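Read left to right, the sequence shown gives residues 0 to 416 (numbering that gives the first Met the number 0). One structure is given below, encoded as structure tokens.
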Amino acid sequence: MDKFIIQGGTPLCGQVRVSGSKNATLPIMAASILSCGEVILNEVPQLEDITVMSEALELLGAAVKREKDTLIIDGRSVSNCALPEHISRRMRASNLLMGALLGRFGQAKVAFPGGCAIGSRPMDLHIKGFRSLGYDISEGYGFLEGQAANIHGQEILLDIPSVGATENIMMAASMVPGTTIIRNAAREPEIVDLQNFINRMGAKIKGAGLDTIRIEGVKRLGGVEHTVIPDRIEAGTYMVAAAISGGDIWITDALFEHLQPIIAKLMEIGIEIIPWSEGLRVVGRGCRYLPTDIKTMPYPGFPTDMQPQMMALLSTVSGTSVIVETIFENRFMHVQELRRMGADIKVEGRVAIIKGNHLEGATVEASDLRAGAALVLAGLGAWGETQVLGLDHIDRGYENMHQKLQQLGAAITRKSV
Ligand code: UD1
């Protein structure tokens with residue numbers, strides 16, 4: 000077990016590069032088994048979740064090889080359509096293999112990944128989608144099992160624009176005869192990347208990025224080389240790092256277009272954001288910040304995956320800010336840890352009321368991935384020393400976080416406990 004030790008108060012400066020997106024890579028890795036050829040993925044981040052997905056693919060029989068930031072996946076040898084429970088328990092995104100296995104083999108058995116610290120995270124919308132397409136889905140003994148029955152294209156209306164359900168249905172429908180239409184689809188950039196990837200393999204999918212996605216089933220998908228989009232949440236986290244430390248940093252490969260909801264809020268607070276040919280410059284130095292209100296929403300609204308990081312920042316901004324979390328029912332686990340650092344935050348249901356003041360270093364523990372990121376950011380902006388425990392959560396989603404922050408001049412070290 001490792002911990003971060005952070006001496007707060009150093010304004011960050013310099014340049015940092017964003018890694019490939021974790022949340023784009025995971026569904027793309029799952030979708031790679033739709034292919035009857037070899038898949039080459041570039042800009043794949045070195046993260047715990049990616050390792051778990053690689054292991055899952057190998058357990059199904061695929062050959063997975065990593066060469067630096069490139070992953071080569073050969074799904075031709077997949078022979079097993081049942082994913083063991085111990086893998087599903089290690090990573091929620093393993094549920095994306097359900098759509099991929101159904102799409103390629105017409106059968107799948109995947110353990111329910113269950114809830115997690117931030118909420119119950121059911122799969123009812125995924126199941127409804129599979130059933131509409133004509134897959135027989137049975138639930139029981141902690142497993143979800145599916146079999147192609149009378150599969151054909153169908154119109155599917157999602158009750159809420161779930162990212163995972165949209166991705167799973169896209170994969171399951173890619174080779175289903177006829178036309179499938181997903182209405183109220185999630186519009187996240189990661190969905191667009193998945194569409195681009197599957198289309199390069201030969202699929203006919205249109206509309207990702209809008210609320211209606213149209214899929215014409217094809218007979219077969221082939222091999223492809225694809226470069227994953229940059230991680231907008233990692234970019235947003237480093238933007239907040241610059242803001243909370245009063246720094247001035249250049250973020251290479253941060254895509255302005257994907258970051259608009261985050262940029263808009265940071266600018267409202269008073270941070271200067273300047274697009275540049277290779278990414279974005281974020282200037283927090285010398286600004287007097289203003290409090291703000293944030294409501295998390297599906298894309299293009301403000302992302303729930305940036306809510307804890309923004310709460311860390313707003314905890315240091317004089318005045319009263321309000322954050323409403325509408326996506327996950329239990330995503331305020333970082334509040335009690337921020338309070339240890341002196342944050343004045345009151346929570347009523349899904350609403351957090353934050354009265355900004357200065358934070359002081361303390362020993363805190365990450366309860367989940369983004370909560371962990373928020374605590375690191377709070378440490379960068381706090382007076383004195385902060386120790387962050389629970390790094391296994393942070394390792395799931397941030398590649399070389401402490402090295403990247405060190406590169407920006409942060410006084411952060413990683414030590415074994
Ligand atoms: C994905 C992201 C996660 C992000 C989330 C919301 C990945 C690997 N993970 O998670 O980082 O926080 O989008 O942007 O890409 N829901 C149902 N029934 C369902 C499915 C979802 O009620 O069948 C609910 C969930 O409980 C949640 C909301 O819909 O309240 C959004 O969930 P969803 O968009 O599906 O998130 P994930 O795909 O799990």
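Glycine included, each C-beta is placed from N, C-alpha and C at the ideal position. Please read all numbers here as calculations on a predicted model, not as lab measurements.
Opposite residue i in the DSSP bridges: which residues?
i	result
residue 207	209
residue 335	None; residue 335 has no bridge partner.
residue 41	226
residue 301	295
residue 66	69
residue 354	319 and 343
residue 107	145
residue 14	249
residue 190	DSSP, once it has assigned bridges, lists no residue as partnering residue 190.
residue 255	None, per the DSSP bridge assignment.
residue 363	387
residue 156	182
residue 36	In the DSSP output, where bridge partners are listed per residue, residue 36 has none listed.
residue 19	229
residue 138	143
residue 214	179 and 204
residue 81	108
Between which two residues does the alpha helix (DSSP H) holding residue i run?
i	result
residue 47	47-59
residue 399	Careful: residue 399 lies outside any alpha helix (DSSP H) and carries neither H nor E.
residue 165	162-172
residue 236	231-244
residue 84	84-89
residue 129	123-132
residue 2	That residue, residue 2, is in no alpha helix (DSSP H); its beta strand (DSSP E) goes 1-6.
residue 270	Careful: residue 270 lies outside any alpha helix (DSSP H) and carries neither H nor E.
residue 94	Element bounds for residue 94: n/a, residue is neither H nor E.
residue 176	Element bounds for residue 176: n/a, residue is neither H nor E.
residue 407	Run containing residue 407: none; DSSP gives neither H nor E here.
residue 307	306-313
By the 10 Å Cβ neighbour count, where 16 or more other Cβ atoms means buried, how is residue i classified, buried or exposed?
i	result
residue 392	buried
residue 333	buried
residue 24	buried
residue 336	buried
residue 156	exposed
residue 415	exposed
residue 350	exposed
residue 20	buried
Could you compute how far the alpha carbon of residue i sits from the alpha carbon of residue j?
i	j	result
residue 124	residue 92	15 angstroms
residue 177	residue 386	56 angstroms
residue 291	residue 326	19 angstroms
residue 116	residue 367	7 angstroms
residue 210	residue 160	8 angstroms
residue 187	residue 297	8 angstroms
residue 207	residue 362	43 angstroms
residue 121	residue 127	12 angstroms
residue 231	residue 263	14 angstroms
residue 346	residue 355	14 angstroms
residue 164	residue 152	16 angstroms
residue 26	residue 168	11 angstroms
residue 17	residue 42	10 angstroms
residue 324	residue 360	26 angstroms
residue 340	residue 348	22 angstroms
residue 374	residue 149	50 angstroms
residue 10	residue 1	25 angstroms
residue 94	residue 267	37 angstroms
residue 381	residue 342	10 angstroms
residue 260	residue 293	10 angstroms
residue 358	residue 190	37 angstroms
residue 246	residue 131	51 angstroms
For residue i, report the span of its beta strand (DSSP E) as first-last.
i	result
residue 414	410-415
residue 378	No beta strand (DSSP E) contains residue 378, which is instead part of the alpha helix (DSSP H) from 368-380.
residue 279	278-282
Going along the chain, which residues of its own chain have a beta-carbon closer than 8 angstroms to the beta-carbon of residue i, five neighbours each way excluded?
i	result
residue 32	56, 59, 61, 72, 74, 77, 96, 99, 100 and 103
Determine, using beta carbons only, whether residue i comes closer than 8 angstroms to chain C.
i	result
residue 333	Note that chain C does not occur in the displayed structure, where there is just one protein chain.
Using a Cβ-Cβ cutoff of less than 6 angstroms, which residues in the same chain neighbour residue i once the five nearest sequence positions on both sides are dropped?
i	result
residue 236	308 and 372
residue 47	394 and 395
residue 105	147
residue 277	251
residue 255	274
residue 423	Absent from the structure is residue 423, since the part of the chain shown begins at 0 and ends at 416.
residue 352	321 and 345
residue 180	154 and 213
residue 241	11, 248, 281 and 283
residue 133	148, 149, 150 and 151
Cutting at 7 angstroms between CB atoms, please list the residues of its own chain near residue i, excluding the five before and the five after it.
i	result
residue 84	110 and 141
Would the beta-carbon of residue i be found less than 7 angstroms away from any heavy atom of ligand 2?
i	result
residue 124	Among the ligands present in this structure, namely ligand 1, ligand 2 is not found.
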